[in-house]
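Once you know that position 161 of the sequence shown is 428 in this note's numbering, the rest is easy, because the numbers rise by one and skip nothing.
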Amino acid sequence: MHIDGRVELLMIRFWTDLWKSRLLVKQLVLTRARVSTARMLLGWGWWILDPVLMMLVYWGIVFGIRGDMPTGQDPFPMFLLSTLIVWKHLASTVGRATGIYGSQANVILSIPFCISSIPLAETISGCIPFVCGLLTYLAVSIVVSTPLDSGSWWCCIQIVPLLAIQLALLFGLALTFSIIGALVRDIGGLVQHCLHAAYFLSPGLYSLTTLQERVGDNFFGLYIALNPAAYLMDSYRKIMFHGQWVETEVWGVMFIQSIVILSMGIVVHQAGKVRVVRAL
268 MHIDGRVELL MIRFWTDLWK SRLLVKQLVL TRARVSTARM LLGWGWWILD
318 PVLMMLVYWG IVFGIRGDMP TGQDPFPMFL LSTLIVWKHL ASTVGRATGI
368 YGSQANVILS IPFCISSIPL AETISGCIPF VCGLLTYLAV SIVVSTPLDS
418 GSWWCCIQIV PLLAIQLALL FGLALTFSII GALVRDIGGL VQHCLHAAYF
468 LSPGLYSLTT LQERVGDNFF GLYIALNPAA YLMDSYRKIM FHGQWVETEV
518 WGVMFIQSIV ILSMGIVVHQ AGKVRVVRAL
C-alpha cells in the first residue's frame, strides 16, 4: 500500500472512531464545565472576569513602560482584549493537553475507548470561557466607544467560520501535545514558558501591520507560516475592534494552516497512541 493510501486509511479510522465516541465527548465536555465552575468561587462569573483582569495587567505593563498609549489603537484596553481572549483559549488548551493523558492514566488503562476523544473534549470545553469572553467584549463595546461603532456590526458574523478554523487548529495542536506530553512527562513546564514567549511574538500588544512594517515582507511571510495564531488573532481584532471584513486571502491562509496542523496532529496521535498506552 502506498504512503498516501496508508494516510487516507489512518484518517478514515481516526474520524470513524471519534464519531463512535461522540456521546463520550459530550459527557466529557459537560463534566469538564461542571468541575471547572464548581472549583471557582465566582462560578461562571470568573469566565467573564478573567479576560478583563488579564487585559488590565497588560494595559498597566504597556502604560508603565511607554507612559502613553500607541496611536491608532484607541481605546487601547479594548485593543488588547480583542486578542487576549483568543490567546487565552489557545494557550490554555495547549497547556492542558500536555498533561491530559497522564492525569487520565487510570481511566485509559482500565477502559477501552477512543482516547482522542479526551483532547477533543478539552478543546471544545475551552470554547465555553472563550465565548463568555467574546460576549463580554461585545457587551463592553456597546458602552465604550470603539472603532467598531463606526464600522459594521454585521462583520461579526465572521466569528462563526473563524471559530471553526480556530477549533480545527486547536484540536490539531491538542492531539500533538497530548502525545508529546505523555511521552515526555517533564515537558509541561517548558511548554508554558514557550507559550508566554509566543504571546509577545504574536499580534497581541501591537498590530500585525506594525510588525510587517518593522520586519519587512520577506521575514513576515516566514513569520505567518510559523505562527498560525498571528492571522487568527489579527482577524478577531479586525472584526471586533475595527469592525472590518477579513480579506479573502487571509481566510485562505488560515484555512490551509488549520487543515495542515489538524492533519499533522492526527498523524502524530495515531502513530504515537500505542506508545502512550505503554508509557502510562
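Just so it is clear, CB atoms sit at the ideal spot from N, CA and C, and this is done for glycine as well. Bear in mind the structure is a predicted one, so any value in this text is a computation, not a measurement.
Could you round the C-beta distance between residue i and residue j to whole angstroms and report it? I think they count as a contact, below 8 Å.
{"i": "Phe281", "j": "Val361", "result": "Not quite, the Cβ-Cβ distance comes to about 20 Å (not below 8 Å), so this is no contact."}
{"i": "Gly448", "j": "Gly327", "result": "Gly448 to Gly327, Cβ: 33 Å. No contact."}
{"i": "Val319", "j": "Thr403", "result": "7 Å"}
{"i": "Leu209", "j": "Phe487", "result": "Here the chain covers residues 268 to 547 and nothing more, so residue 209 does not appear."}
{"i": "Gln559", "j": "Leu277", "result": "Residue numbering for the chain in the displayed model covers 268 to 547; residue 559 lies beyond these limits and cannot be assessed."}
{"i": "Leu316", "j": "Gly471", "result": "That belief does not hold up - the Cβ atoms of Leu316 and Gly471 are roughly 19 Å apart, past 8 Å."}
Say whether chain E places a C-beta atom closer than 8 Å to the C-beta of residue i.
{"i": "Gly455", "result": "Within the model displayed, chain E is absent; a lone protein chain is all it includes."}
Could you give the DSSP three-state label for residue i: helix, strand or coil?
{"i": "Ile447", "result": "helix"}
{"i": "Cys381", "result": "coil"}
{"i": "Thr476", "result": "helix"}
{"i": "Lys411", "result": "Per the sequence shown, residue 411 should be read as Val rather than Lys. Coil at Val411, not helix or strand."}
{"i": "Gly471", "result": "coil"}
{"i": "Lys287", "result": "helix"}
{"i": "Gly455", "result": "helix"}
{"i": "Gly510", "result": "coil"}
{"i": "Gln425", "result": "helix"}
{"i": "Gly327", "result": "helix"}
{"i": "Ser620", "result": "The requested residue 620 is not part of the displayed model; the chain covers only 268 to 547."}
{"i": "Gly439", "result": "helix"}
{"i": "Gly488", "result": "helix"}
{"i": "Gln294", "result": "helix"}
{"i": "Met268", "result": "Its pLDDT being 46, under 50, Met268 is placed unreliably in this model, and the value from its coordinates should be taken loosely. In this structure, Met268 counts as coil in the three-state DSSP scheme."}
{"i": "Gly400", "result": "helix"}
{"i": "Gln340", "result": "coil"}
Whose C-alpha, out of the options, is nearest the C-alpha of residue i?
{"i": "Ile378", "options": "Leu291, Gly539, Ser530", "result": "Leu291"}
{"i": "Ile426", "options": "Leu499, Ala538, Ile533, Gly393", "result": "Leu499"}
{"i": "Thr353", "options": "Arg504, Cys422, Thr476", "result": "Checking the sequence shown, residue 353 turns out to be Val, not Thr. Out of Arg504, Cys422, Thr476, Arg504 has the C-alpha closest to the C-alpha of Val353."}
{"i": "Leu442", "options": "Val513, Leu387, Arg545, Ser525", "result": "Leu387"}
{"i": "His356", "options": "Ile395, Leu376, Cys422", "result": "Ile395"}
{"i": "Leu348", "options": "Arg481, Leu323, Ala538, Gly369", "result": "Leu323"}
{"i": "Ala300", "options": "Cys399, Leu351, Leu277", "result": "Cys399"}
{"i": "Leu285", "options": "Phe380, Gln371, Ile375", "result": "Phe380"}
{"i": "Phe397", "options": "Ser412, Leu430, Ser383, Ser408", "result": "Leu430"}
{"i": "Gly455", "options": "Leu297, Thr283, Ser370", "result": "Ser370"}
{"i": "Tyr473", "options": "Leu297, Lys287, Tyr325", "result": "Tyr325"}
Is residue i near the ligand ADP, judged by its Cβ being under 7 Å from some heavy atom?
{"i": "Gln459", "result": "As presented, the structure is devoid of all ligands, the ligand ADP included, so that no description of it is given."}
What residue does the alpha helix (DSSP H) around residue i start on, and which one ends it?
{"i": "Arg542", "result": "515–546"}
{"i": "Trp253", "result": "Lying before the first or after the last residue shown, residue 253 is absent from the chain, which here runs from 268 to 547."}
{"i": "Met500", "result": "495–504"}
{"i": "Gly369", "result": "367–370"}
Alpha carbon to alpha carbon, what distance is there between residue j and residue i?
{"i": "Leu450", "j": "Ile506", "result": "39 Å"}
{"i": "Ser469", "j": "Leu437", "result": "16 Å"}
{"i": "Ile424", "j": "Asn373", "result": "42 Å"}
{"i": "Lys293", "j": "Ser359", "result": "20 Å"}
{"i": "Ala496", "j": "Phe343", "result": "20 Å"}
{"i": "Ala364", "j": "Glu389", "result": "8 Å"}
{"i": "Cys461", "j": "Ile279", "result": "33 Å"}
{"i": "Val410", "j": "Met345", "result": "12 Å"}
{"i": "Asp453", "j": "Ser419", "result": "47 Å"}
{"i": "Ile533", "j": "Gly510", "result": "35 Å"}
{"i": "Leu475", "j": "Arg545", "result": "44 Å"}
{"i": "Leu295", "j": "Ile375", "result": "14 Å"}
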